[in-house]
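For the record, the sequence lines run as chains V and R. The numbers in the numbering used here rise by one with no breaks, and the one at position 190 of the first sequence is 190. Quick note, the numbering used here runs 276 ahead of the 1-based positions in the second sequence. Cβ atoms here follow ideal geometry from the backbone N, Cα and C, with glycine treated the same way.
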Amino acid sequence: MNRWFTTADENAASGGMTGLVGAFSLEPTMNISPDSLVLWEWGPVRLNATILFTWLVMALLTIASWLITRRLSTSVTLSRGQAILETLVTVVQGQIRDAAQQEPGRYLTFIGTLFLFIATSNLLSIVPGFQPPTGSLSTTTALALCVFVTVPLFGIRQQGLRGYLRQYLQPSPIMLPFNIIGEISRTLALAVRLFGNVMSGTIIAGVLLTIVPLFFPVIMQVLGLVTGMIQAYIFAILTMVYIASATRAHQTSQAQQVRAQMRASDESNQKEQDHP
Amino acid sequence: MTELAIVAAASIITAGLTIAIGSIGPALGEGRAVAQALSAIAQQPDESNTITRTLFVGLAMVESTAIYCFVVTMILIFVNPFWNLFVERAGG
Chain V
1 MNRWFTTADE NAASGGMTGL VGAFSLEPTM NISPDSLVLW EWGPVRLNAT
51 ILFTWLVMAL LTIASWLITR RLSTSVTLSR GQAILETLVT VVQGQIRDAA
101 QQEPGRYLTF IGTLFLFIAT SNLLSIVPGF QPPTGSLSTT TALALCVFVT
151 VPLFGIRQQG LRGYLRQYLQ PSPIMLPFNI IGEISRTLAL AVRLFGNVMS
201 GTIIAGVLLT IVPLFFPVIM QVLGLVTGMI QAYIFAILTM VYIASATRAH
251 QTSQAQQVRA QMRASDESNQ KEQDHP
Chain R
277 MTELAIVAAA SIITAGLTIA IGSIGPALGE GRAVAQALSA IAQQPDESNT
327 ITRTLFVGLA MVESTAIYCF VVTMILIFVN PFWNLFVERA GG
């Protein structure tokens, strides 16, 4: 079954739940997933709303940044676009530096792209007719899979294959299955969290339109914008935290060695004091 | 009651219970987290940036529990697999 909602005809044929679903007459306003909106179909090729709006968001971001970065200036007067982009890059760099305690250079592109894509598609949901692609489980799963692949890559690059794999045996080899389960479940959590938040905004808007259609949905839309921004931020920050935890183990083991050396030297000092 | 009616009633009641029980825990936890963060900001206003960021990330983590319950509820109501199974079996 690839449609989230049965049509009115199917409902009428099947009976039972018809009364409940039909009473709210939600079918025209509510589509849980934009996957179910097929816009164009040709043989096995199928263009649904998710793909269309994903490409729209990507085109918007690419063209906008291309137009702006085409003529950058180093003089005192900046164009508006350049000021916006510079602010964005600086903020993302600062957040990465705060969250990971590392220089942001290597992670800036991945984290920044994730944040910009999710934030743009969530913010554009205020435009009538736009279905946010992040409200589809396929898109969020794809993003989460990107994180799932990227985190080990950064970890291996930082501390080598052996060093990265040894991390799964911490603190003891008994924890190996739990570490693996944790890796998988946090990927699932990333995907479902983003999907659930964006989808719940759409659903609540649809339900409110049938109950209090006049003014209240506007407030919920504004709240949805806030939620969308926070979710984009959280997705990016969580990715950064995961990458940091994959790359930082090396440093913490170094820190432990330093601490152990300091403790040893302290003890030897004490012994010297005890036995002059 | 027919089989279909039983499935429908069980799905709807379970959906309500899921979202009701599933939102209690996150609500209590989020309230506690916000209260703690507020008192922390009141004690150390200089650290409010760090506290706010950690608070938001933590709230999102806590809230995802409620979101999981919401997703399960939506599945139970709108894309219930058992419902479709029984409709097919009944030849509806």
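| Query | Result |
| --- | --- |
| Arg-162/V - partner residues in DSSP beta bridges | According to DSSP, Arg-162/V bridges with nothing at all. |
| Below-7 Å beta-carbon distance, Ile-282/R vs any chain V residue | no |
| Three CB pairs or more closer than 8 Å across the segment 197–204 of chain V and the segment 122–137 of chain V | yes |
| N-terminal and C-terminal residue of the beta strand (DSSP E) that Arg-308/R is part of | Not the beta strand (DSSP E): Arg-308/R falls in the alpha helix (DSSP H), residues 279–319. |
| Extent of the continuous beta strand (DSSP E) run through Glu-41/V | 38–42 |
| Start-to-end residues for the beta strand (DSSP E) that takes in Asn-48/V | 45–48 |
| Own chain partners of Leu-238/V with C-beta closer than 7 Å, once the 5 adjacent residues on each side are dropped | Leu-190 |
| Nearest-angstrom Cβ-Cβ length linking Cys-219/R and Ser-287/R, presumed shorter than 8 Å | Residue coverage of chain R in this structure runs from 277 to 368, which leaves residue 219/R outside it and unanswerable. |
| Test: Ser-340/R CB closer than 7 Å to a CB of chain V | yes |
| Where Pro-34/V falls, given that 16 or more other Cβ within 10 Å makes a residue buried | buried |
| Residue of Tyr-168/V, Ser-172/V, Ile-174/V, Leu-188/V minimising C-alpha distance to Ile-180/V | Tyr-168/V |
| Chain R contact for Arg-80/V (CB, 7 Å cutoff) | no |
| Where the alpha helix (DSSP H) through Ala-336/R begins and ends | 324–354 |
| Any chain R beta carbon closer than 7 Å to Ala-189/V | yes |
| Whole-number beta carbon distance between Phe-148/V and Thr-187/V, since they are thought to touch under 8 Å | 4 Å |
| C-beta atoms of Ala-246/V and Gly-105/V nearer than 7 Å | no |
| Delimiting residues of the alpha helix (DSSP H) encompassing Thr-113/V | 108–123 |
| Three-pair Cβ contact test at 8 Å for the segment 53–61 of chain V versus the segment 109–123 of chain V | yes |
| For Leu-361/R, the three-state DSSP class (helix, strand or coil) | helix |
| 7 Å Cβ cutoff, Ile-343/R in contact with chain V | yes |
| Glu-103/V - DSSP class collapsed to helix/strand/coil | coil |
| Residue of Met-220/V, Gly-228/V, Thr-90/V minimising C-alpha distance to Arg-193/V | Gly-228/V |
| Own chain residues within Cβ distance below 7 Å of Phe-110/V, not counting five before or after | Thr-150 |
| Other residues of its chain near Arg-97/V: CB distance less than 8 Å, five sequence neighbours each side excluded | Glu-103, Pro-104 |
| Three-state class that DSSP yields for Phe-154/V in the structure shown | helix |
| Status (buried if at least 16 other CB within 10 Å, exposed otherwise) for Ser-340/R | buried |
| Contact list for the segment 138–168 of chain V against chain R, Cβ threshold 9 Å | none |
| Sequence-distant residues of its chain with Cβ nearer than 6 Å to Thr-77/V (five each side left out) | none |
| Beta-carbon gap between Val-226/V and Ala-99/V smaller than 7 Å | no |
| Beta carbon of Ala-291/R nearer than 7 Å to that of Leu-361/R | no |
| Cβ-based burial, Met-350/R [other Cβ within 10 Å; buried from 16] | buried |
| Three-way DSSP call (helix, strand, coil) for Gly-182/V in this model | helix |
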